Amino acid sequence: MKLFKLSVLSVVTSLLLSSSVVQAQEKEDGIDVSGTVRVNYAYKDYSEASKDKLGDFSFDMAAIKFNGKLGDWGLASEYRFFDGWQALRYGYGFYELNPSWQLQFGVNQVPFGNPGFISNSFWFGVPYYLGFEDDYDLGVKGVYSNGAWGTEMAFYKNAEYGASRSDRYSTDLYTGVVNGTEYNNEETNQLNLRQTYEVSYEGGKTLFGGSIEYGQIYNGKTGNNGDRYAVAVHMDSSYKGWNLQLQAMQYEYDAADAVDSNKIAVAAYNWQYEIAAKAQAYSINIAKNIATDWGSLKVYNDFGMVTPDVADDSYDTSYQNVTGCAISAGPTYTMIDFIVGKNMYASTRDNGHVGLPEVGDSWDKRVNINFGYYF
C-alpha cells in the first residue's frame, strides 16, 4: 500500500510538472503586438521661415510591430506610417536551428557595421545616409552566437522595395532623375559577413567587429551590371554607464554605364539625393547613461565625417555632429538633439548631398525634439 501511494504521488507530481512546463511553453509562445506614436519639433537656424515661426511641430510617425515565436519558428515585423507615406521597416520569419544558430527569411537588418546603430541620436550617424546603418533588404541571413563570438552571414537578392521608390525607411540605390542626372541603378545579389568578439570585464564590456559587403549594381536601362563593396571595423565599449562607439569604413559604388562615375543616387525617407560614389566614413560617439527615480537619462555626442575618394578633386568632405540627450520615462522616450552640419544632407541648407562639391562654406545648425509613446 505504501508503495502504491508513492507511485500515485510520483505520477501526480510528474503530471503537475509536465503541466507547468506546457503552461510555461504556452506563455512563452505567441505573437505580441505593440506600437509607437511619435511627434516632432524642428527648428532650423538657417531657415528664415523656421525662425519666424519659432520652429515647426508635426506628426512624425506611427508604427505597429508583431513579434513572437511558435515553437522553433518566429516572426518579427514593423510597419511605419508617416505623414503622407508609409513603409515596411522590416518583416521576416525566423527558425531556431539550435541555441546557437538562427535563420531569418525576408526583409531583415543587413549585418554591416556596429550591430544595431552607430549613433545615439534620432538623427542617425553618417553611415545611414550612405546606406550602411540600420539598412534592411530582402534575403536570408544566418545568425550564430556562441560565447564571446558572433557571426552573421547573409545573401540579399535585392532591396526591400523597387529602386524607383523613395518612400522607404532605409537608404538604397535610386532609379530616377536627381539634380538633372539620370540614374538607372538598383541593388542585386548582395553578400554580407560580420564577425564580432566580446570582451567582458568588471563594470562593462567591449564588442570588437569587422564587416564586409559585396554586391552588384544592375542598370535597368542598358542591362549591364556594375559592382559595389564596403568594409568596416568597429568597436562598441561600455564601462560603468559610459559608452564609446568607434567605426571606420570605406565603400565604393562602381555603376555600369554611369553618366558621372564620381557620384550616385540613393533614396530614403521619401526623398532622393546624391552621394560620392567612393568615400571613407568615420564615426566617433560617446554617451553617458544615468539612472533616475523616474527612468533613465542618456547624454551623448555623435560625430561623423565622410571623405570623398573620387577622381574629381572638387568633391568636399561632409561633417555632422549631434549633441543631445534621450529621456526614458515609463512608456515615453524623448530625444533632444542639437545638430551641426557642413556639406551634409539633412543637416545643411544648400547642400542636399553627401561628399559632393560644397555650395557655400558654412556650418548650419538646427534643433530637433522627438517625443515617442510606446505601447
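Mature numbering (1 follows the signal peptide of the UniProt record, and there is no 0) puts the sequence shown at residues -24 to -1, 1 to 351. The C-beta atom is built at its ideal place from N, Cα and C for all residues, glycine as well. Source: prediction; values computed, not measured.
Under three-state DSSP, which class holds residue i?
i: V235; result: coil
i: E334; result: coil
i: D59; result: coil
i: Y104; result: helix
i: K29; result: coil
i: E109; result: coil
i: E136; result: coil
i: L(-16); result: Summary for L(-16): the model assigns pLDDT 38, below 50, so the residue's position carries little reliability, and this model does not support an answer.
i: A(-1); result: Since pLDDT at A(-1) reaches only 42, below the 50 mark, its modelled position is unreliable, and the value read off the structure follows with that caveat. Looking at A(-1) - three-state DSSP - the assignment turns out to be helix.
For residue i, tell me which candidate among the options has the shortest Cα-Cα distance.
i: L169; options: F98, A206, D36; result: A206
i: V9; options: K41, T268, A18; result: K41
i: V335; options: R342, I303, S290, N346; result: S290
i: T16; options: P333, D313, H329; result: Thr is not the amino acid found at residue 16; the sequence shown has Asn there. Nearest of P333, D313, H329 to N16, Cα basis: D313.
i: D340; options: S294, M311, N346, L332; result: S294
i: Y71; options: G44, Y55, F58; result: G44
i: N319; options: I345, E250, D288, G217; result: E250
i: T127; options: I7, T283, F184, Q296; result: F184
i: S53; options: F81, T324, G31, A253; result: F81
i: V153; options: G6, D28, N344, W247; result: W247
i: G50; options: G118, A224, R14, D5; result: D5
i: P333; options: Y19, V316, Y215, V282; result: V282
i: T12; options: G118, N219, D36, Y19; result: D36
i: N200; options: E163, G300, V209, R141; result: E163
i: D337; options: E228, N346, N344, R325; result: R325
i: residue 376; options: N74, A255, G118, T299; result: In this structure the chain extends from -24 to 351, so residue 376 is not present and cannot be described.
i: F33; options: K181, R14, N327; result: R14
i: G186; options: N161, A224, R204, T198; result: A224
i: Y75; options: Q62, D59, V119; result: Per the sequence shown, residue 75 should be read as Pro rather than Tyr. The shortest C-alpha separation from P75 is found at V119.
i: N346; options: A302, Q85, G317; result: A302
i: I315; options: D288, A287, N344, Y22; result: N344
i: K197; options: L222, T151, V242; result: T151
i: F57; options: G180, I240, A39, V286; result: A39
i: W218; options: I240, G202, T182; result: T182
i: I240; options: G202, A322, G47, Y22; result: G202
i: G138; options: Q226, Y55, L114; result: L114
i: K133; options: R141, G300, N84, Y105; result: N84
i: G47; options: A25, Y22, L73; result: L73
Could you spell out the range, first to last residue, of the beta strand (DSSP E) harbouring residue i?
i: S121; result: 112 to 122
i: T299; result: 294 to 305
i: G317; result: 308 to 318
i: V154; result: 151 to 154
i: I251; result: 247 to 252
i: D278; result: 272 to 284
i: G348; result: 340 to 350
i: I7; result: 6 to 20
Between which two residues does the alpha helix (DSSP H) containing residue i stretch?
i: L73; result: Run containing L73: none; DSSP gives neither H nor E here.
Taking 8 angstroms as the threshold (beta carbon to beta carbon), is residue i in contact with chain D?
i: A287; result: Absent from the structure: chain D. Only one protein chain is present.
Quick check: the region 258 to 267 against the region 81 to 98, are there 3 or more CB pairs under 8 angstroms? They touch, by the three-pair rule.
Are the region 305 to 312 and the region 331 to 350 in contact at 8 angstroms, needing three or more beta carbon pairs? Three or more beta-carbon pairs separated by less than 8 angstroms link the region 305 to 312 to the region 331 to 350, which places the two stretches in contact.
Identify every run of the beta strand (DSSP E) within the region 167 to 231, keeping only runs that are complete inside it and at least 3 residues long; order them along the chain. Contiguous beta strand (DSSP E) elements confined to the region 167 to 231 occur at 180 to 195, 201 to 215, 218 to 230, taking only those with 3 or more residues.
Closer than 8 angstroms is the cut-off here; do at least three beta carbon pairs connect the region 73 to 90 with the region 107 to 122? In the pairwise beta carbon analysis, the region 73 to 90 is classified as touching the region 107 to 122: at least three pairs are separated by under 8 angstroms.
Is it the case that the region 136 to 153 contacts the region 63 to 79, given that we only count it when at least three CB pairs across the two stretches are under 8 angstroms? Verdict: yes, contact present.
How do the region 164 to 182 and the region 264 to 273 stand: do at least 3 beta-carbon pairs fall below 8 angstroms, yes or no? Result no; under three Cβ-Cβ pairs closer than 8 angstroms.
Any contact between the region 190 to 202 and the region 277 to 284? By contact I mean 3 or more CB pairs, one from each, below 8 angstroms. No, the region 190 to 202 is not in contact with the region 277 to 284.
Under 8 angstroms: do the region 147 to 161 and the region 221 to 238 share three or more Cβ pairs, one atom per stretch? Enough Cβ pairs lie closer than 8 angstroms, so yes.
Check whether the region 115 to 131 and the region 213 to 225 are in contact - that is, three or more C-beta pairs closer than 8 angstroms. In short, these stretches do not touch, since the Cβ pair count stays below three.
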